[in-house]
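Numbering (numbering that gives the first Met the number 0), first residue to last: 0 to 91.
We treat Cβ as the ideally placed atom computed from N, Cα and C, and that holds for glycine.
Step one of this worksheet: look at the structure below.
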Amino acid sequence: MRGGEVQALSALLMATIVVTAFSLLWIWLYPRYLDLERALHEGALEAEATAMERVVVERVKEVDEGLKVYVTNTGDVYLEIVSIYVNDTLGW
Numbered sequence: 000m001r002g003g004e005v006q007a008l009s010a011l012l013m014a015t016i017v018v019t020a021f022s023l024l025w026i027w028l029y030p031r032y033l034d035l036e037r038a039l040h041e042g043a044l045e046a047e048a049t050a051m052e053r054v055v056v057e058r059v060k061e062v063d064e065g066l067k068v069y070v071t072n073t074g075d076v077y078l079e080i081v082s083i084y085v086n087d088t089l090g091w
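Here it is as structure tokens:
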């Protein structure tokens, strides 16, 4: 072999090694990138849904049998009130 042939073969071998290494790295990293992207997207959707949950306590009125609480749901998410606490005491 002549000097020029050796340099050409070594350049081809180096290119093959680099492409193979990059391919292996891509095969290893790409699924992790997709998982991270999916997790971030789900987190953003959850934060957006949480931001749409708005409840306003408009008025608390004392009546003979206890308290009357007026609550308005101003958000886009369905709301069901299951309990009301007054000063850390279960009121309803």
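Here's a check: name, in chain order, each residue in its chain whose Cβ is nearer than 6 Å to the Cβ of residue i, leaving out the five neighbours to either side.
{"i": "residue 57", "result": "69 and 71"}
Nearest-angstrom Cα distance between residue i and residue j?
{"i": "residue 42", "j": "residue 28", "result": "21 Å"}
{"i": "residue 49", "j": "residue 16", "result": "49 Å"}
{"i": "residue 7", "j": "residue 36", "result": "41 Å"}
{"i": "residue 73", "j": "residue 33", "result": "36 Å"}
{"i": "residue 19", "j": "residue 81", "result": "60 Å"}
{"i": "residue 3", "j": "residue 22", "result": "29 Å"}
By Cβ distance, which residues of its chain are closer than 8 Å to residue i, with the 5 residues on each side in sequence left out?
{"i": "residue 31", "result": "none"}
Check for me: the beta strand (DSSP E) holding residue i runs from which residue to which?
{"i": "residue 66", "result": "65-72"}
{"i": "residue 58", "result": "54-62"}
What is the C-beta distance between residue i and residue j, in whole angstroms, given that I count them as a contact (C-beta under 8 Å)?
{"i": "residue 51", "j": "residue 75", "result": "4 Å"}
{"i": "residue 78", "j": "residue 54", "result": "6 Å"}
Using a Cβ-Cβ cut-off of 7 Å (strictly less than) and excluding sequence neighbours within five positions of residue i, which residues of its own chain qualify?
{"i": "residue 83", "result": "68, 90 and 91"}
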